[in-house]
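Residues in the sequence shown are numbered from 90 upward in steps of one, following this note's numbering.
Note that beta-carbon positions come from the ideal geometry of N, C-alpha and C, so glycine has one too.
All values reported here derive from a predicted model rather than from experimental measurement.
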Amino acid sequence: MAEETNLQTTNGRKVGIGAYIALFVAILFFSGIFMKVDGMKWISAFDFTSLSGTFGTMKDPAKNTFIGAGGVSAKAGFLFALSLVPTVMLALGCLEIFSHYGAIRAAHKLLTPFLKPLLGLPGLTGLALITDLQSTDAGAALTKNLYDDKQITKKELVVMSAWQYSGAGMINNYFAIGSALFAVLTAPVIIPLLLMFVLKFVGAMFVRFVLNTVYKEDFRDEQ
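As structure tokens, this is what we get:
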């Protein structure tokens, strides 16, 4: 209770209506809701994935991208990592804006009653988890920031990583790659997506159980 009170009044600012609005906008921005809206293509301008965009391709896109073809070793790895930088920087910049307006404090107050019993996570991790639904790398970067700032413990970091690793970038990958199978699905398109979302929680809950039993001693200092 004391921890929650402290987080709600970070920097002497309580959770007000502006913080809830910032959280609501952040959820819409990172959730992928605006990515593809029939008849309203312009609204995708308010979506994280749309703003991240893509790099162009070389003259023969079937063989080459901007990193060329046949790259190996450290140079190829560096160029691939370079392609991730714009997305991560955009996510961190947007999160900084949302945090300034109180989104983290609002997330902690609203999501803790939901995340704490299920995953043992404070509500302030909510934005990082939501971001992971569209961008694996951005979600990981936000999670690292929370750990570096000592806002989450090592155990919470592992549970968050388990949630993110399972079905990482779920929304973006599902509609970008999984759409090739939509024509042969016998169930509504939304059903597999919901199943993956539920299984992310199942996987994280299992990891939490293992950490609290088999590896309990490893985290005794964090209690």
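Classify residue i as helix, strand or coil using the three-state DSSP reduction.
i      : result
Leu303 : The sequence given here has Val at residue 303, not Leu. Val303: coil per DSSP, three-state reduction.
Gln253 : helix
Val248 : helix
Thr220 : helix
Pro202 : helix
Arg309 : helix
Asp127 : coil
Val177 : helix
Val161 : coil
Val104 : coil
Ala115 : helix
Leu210 : coil
Ile193 : helix
Excluding five sequence neighbours on each side, which residues of the same chain lie with their C-beta closer than 6 Å to the C-beta of residue i?
i      : result
Phe123 : Ile132, Ser133, Phe135 and Asp136
Ile260 : Gly121, Leu222 and Gln223
Assuming residue i and residue j form a contact by the criterion Cβ under 8 Å, report the distance between their Cβ atoms to the nearest whole angstrom.
i      : j      : result
Trp252 : Leu218 : 6 Å
Ser120 : Leu222 : 6 Å
Glu311 : Lys243 : 6 Å
Leu117 : Ala192 : That pair is no contact at about 11 Å.
Leu288 : Gly258 : The pair is not a contact, with the Cβ atoms about 15 Å apart (cut-off 8 Å).
Leu282 : Tyr263 : 6 Å
Arg194 : Ala115 : Actually they do not touch by this definition, with Cβ atoms about 12 Å apart.
Phe369 : Leu300 : The structure shown does not extend to residue 369, since the chain spans only 90 to 312, so no value can be given for it.
Leu171 : Gly160 : Contact flag wrong, Cβ pair sits at about 12 Å.
Tell me which same chain residues have a C-beta within less than 8 Å of the C-beta of residue i, skipping the five on either side of it?
i      : result
Leu179 : Phe137, Leu140, Ser141 and Ala227
Thr176 : Ser141, Ser224, Asp226 and Ala227
Ile110 : Tyr190
Once the 5 residues before and after residue i are set aside, which same chain residues still bring their CB inside 7 Å of it?
i      : result
Leu200 : Gly212 and Gly215
Arg297 : Leu208, Gly209 and Val248
Phe271 : Val278
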